[in-house]
Every structure is written in C-alpha cells, then in structure tokens.
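>
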Amino acid sequence: DGGITQSPKYLFRKEGQNVTLSCEQNLNHDAMYWYRQDPGQGLRLIYYSQIVNDFQKGDIAEGYSVSREKKESFPLTVTSAQKNPTAFYLCASSIESQASGYNEQFFGPGTRLTVL
Amino acid sequence: QQPVQSPQAVILREGEDAVINCSSSKALYSVHWYRQKHGEAPVFLMILLKGGEQKGHDKISASFNEKKQQSSLYLTASQLSYSGTYFCGTEYNYGQNFVFGPGTRLSVLP
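As you go down the protein sequences, you meet chains A and B in turn.
Per our numbering, the first sequence starts with residue 1, numbered consecutively.
Per our numbering, the second sequence starts with residue 1001, numbered consecutively.
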C-alpha cells in the first residue's frame, strides 16, 4: 500500500534537547512538506522540498531544520532554539500534475511532540 | 495571507445541512477542502480550480466563485461521521504552496 508514514506517533522530550521526526513516503511524490498544528488552529508550513537535496523555508522555519537526501524521506529536526515546540506535526507530500492541473496533498498520520 | 473561514464552529443535528465558507483577499488558483478528526491527519475531500466549477462527493459538495475569491462547502443531510474540523487550503498560483485556513469545527449530534 502506498502512503506516508510518520514515526513515532507520540514523542516526549526534555526541554533543550533536539529531536528528529521521521517522514517516509512511497508514493513517488516529488514534493514534501512539514506543517505544525497547534490546538484549535490551522496548519502552518515549516519547510518544504520540491526535489531531492533542495528545500525551502516556510512561514515558521525558525528553530527547525530538515534534510532531503532521498526522494522518499524528509526528516524534521526540532532544535532547542524552537521556543514552543510542543505541537502536532504533520508531514505531507504531493505530486505536480500538469495534465490535471492541480496538486493534491496527502498527509501522514502525524507526530504529537510534547516537550517537558 | 491566510484565508478566512466562517463560521468558526457549527453544531448540527443529524440530517441538517451546513455551509462552510472560505474567503481570500487574493485571487485564487485553486481551493482544496480537507476534513480532520481529532488527533488524526487531514483527509482530502475535493479540489476546485478557478473557473467557478462545482463538485460533489456523496452528500458533500463545493463551489468556487472566482470573482468573490470564495469557496463554499455544502454538507447535506449531515451524518454523525461528518463531525470534525474542516480546512480549506488555498493555492494562489499553480505549484505554489497551500495556505490553510484556521478551520471550522463541525459537530453533528444524534
């Protein structure tokens, strides 16, 4: 089955520690995204990558870092510089379809990070 | 710029109808609608491209008014399973990143 996997589902860390969230997709999608969701709020874009070895900052990139060494993988590191890291993190991927004229984003199940 | 969604929340009885609106201050290329259950990932519902088309999906349909830069999601004869938070994602140009609205929380009661 094709899809996006994120692990772990729940993650606890002590303040001041870096933590890396995993995101893997086997949909052969070119683009991948990381979003942050806080209670009662919409999705805010952290980083995105259109192709391997290239990524761009989103709206709230400060305190986060990413890498895109493989098409299938787009891990997100939440660094100690991120002031309020506790949130629900969603990874997504999409494929450009010039034939159909739209992008559709597929989301992973999310990782809920709690920093103590 | 984040699109505006209205209402923020709505409570329905099973079988009632609802309309959720998504408005933008900028011209839109497309609008995407998602539903998210608590603690889960958003699930894609439908996409509307500029051109004013309307789409349907079971008893959920949507329209896109390019002139008003607005999309509306129509839920007809709501079911308990419709409960969740509905997000619109807007794309201003083809290939640009989505900007999601703050969401509309829908609760369907028996």
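Built from N, CA and C at the ideal position, the CB exists for glycine as well.
As the structure is a prediction and not an experimental result, all values here were calculated from the model.
Count the CB pairs spanning the segment 1071-1081 of chain B and the segment 75-89 of chain A that are closer than 8 Å, and state whether there are at least three.
Verdict: no, contact absent.
> Please report whether the beta-carbon of A/L11 lies at a distance below 8 Å from any beta-carbon of chain B.
For the purposes of this step, residue 11 of chain A is identified with residue 11 of the first sequence, where counting begins at 1. Not one chain B Cβ lies under 8 Å of A/L11.
> Please determine, among B/F1100, B/S1023, B/V1019, B/S1078, the residue with the shortest C-alpha to C-alpha distance to B/F1087.
Position 87 of the second sequence holds residue 1087 of chain B. Selected option, being the one with the closest Cα: B/F1100.
> Nearest to B/N1093 by alpha carbon, out of B/V1108, B/A1077, B/S1081, B/K1050?
Position 93 of the second sequence, counted from the start, is the residue given in the question as residue 1093 of chain B. Cα-wise, what sits closest to B/N1093 is B/K1050.
> Just to make sure I have the definition right: I need the residues of chain A whose C-beta is within less than 7 Å of the C-beta of B/A1027. Which are they?
As a working note, residue 1027 of chain B is residue 27 in the second sequence. Here the premise fails: no neighbours, minimum Cβ distance about 16 Å.
> B/S1030 bridges to which residues according to DSSP?
The residue labelled residue 1030 of chain B in the question sits at position 30 within the second sequence. Bridge partners of B/S1030: B/L1049, B/E1091.
> Using only the heavy atoms of the ligand GDP, determine whether one of them is closer than 7 Å to the beta carbon of B/E1066.
Absent from the structure shown: the ligand GDP. Ligands present: none.
> Let me check understanding here. Comparing Cα to Cα, which of A/A31, A/R36, A/N18, A/N26 lies closest to A/T111?
Residue mapping note: residue 111 of chain A aligns to position 111 of the first sequence, counting from 1. Closest by alpha carbon: A/R36.
> Can you tell me whether A/S73 is helix, strand or coil according to DSSP?
Along the first sequence, one-based indexing puts residue 73 of chain A at 73. Note: A/S73 maps to strand in three-state DSSP.
> Exposed or buried, what is A/S49 when buried is set at 16 or more other beta-carbons lying within 10 Å of its beta-carbon?
By one-based count along the first sequence, residue 49 of chain A stands at place 49. By the 10 Å Cβ count, A/S49 comes out buried.
> Using the beta-carbon of each residue, which ones in chain B are nearer than 7 Å to A/G63?
Taking the first sequence and counting its residues from 1, the one referred to as residue 63 of chain A is at position 63. Within chain B, no residue comes near A/G63; the closest Cβ sits about 19 Å away, beyond 7 Å.
> Does DSSP put B/L1080 in a helix, a strand or coil?
Locating residue 1080 of chain B in the second sequence gives position 80, where the first residue counts as 1. Three-state result, B/L1080: helix.
> Counting along the chain, where does the beta strand (DSSP E) carrying A/A92 start and finish?
What you label residue 92 of chain A is simply residue 92 of the first sequence in a count that begins at 1. Note, A/A92: beta strand (DSSP E), 87-94.
> Tell whether a beta-carbon distance below 8 Å holds between A/Q6 and A/E72.
Position 6 of the first sequence, counted from the first residue, corresponds to residue 6 of chain A. Position 72 of the first sequence, counted from the first residue, corresponds to residue 72 of chain A. No.
> Going by DSSP, what residues sit across from B/S1023 in a beta bridge?
Working through the second sequence from its first residue, we reach residue 1023 of chain B at position 23. Looking at the DSSP assignment, B/S1023 forms a beta bridge with B/V1004, B/Q1070.
> Does B/E1040 have its Cβ less than 8 Å from a Cβ in chain A?
One-based indexing of the second sequence puts residue 1040 of chain B at position 40. For B/E1040, the answer is yes, since a Cβ of chain A falls inside 8 Å of its Cβ.
> Would A/Y64 pass as a contact of A/L76 if the rule is Cβ separation under 8 Å?
One-based indexing of the first sequence puts residue 64 of chain A at position 64. One-based indexing of the first sequence puts residue 76 of chain A at position 76. Yes, they are a contact pair.
> Looking at chain A, is there any beta carbon in it that lies within less than 8 Å of the beta carbon of B/F1100?
Residue 1100 of chain B sits at position 100 when you count from the first residue of the second sequence. Yes, B/F1100 lies at the interface with chain A (some Cβ there is under 8 Å from its Cβ).
> Could you name the residues of the same chain whose beta carbon sits closer than 6 Å to that of B/D1017, not counting the 5 residues immediately before and after it, in chain order?
For the purposes of this step, residue 1017 of chain B is taken as the residue at position 17 of the second sequence. Result list for B/D1017: T1076, in chain order.
> Given that a residue counts as buried once 16 or more other Cβ atoms are within 10 Å of its Cβ, and exposed if not, what is B/F1064?
Within the second sequence, the letter at position 64 stands for residue 1064 of chain B. B/F1064 comes out buried.
> Just reading off the beta strand (DSSP E) that A/V66 is part of, what are its end residues?
If you number the first sequence from 1, residue 66 of chain A lands on position 66. Taken as a continuous stretch (DSSP letters only), the beta strand (DSSP E) holding A/V66 covers 64-66.
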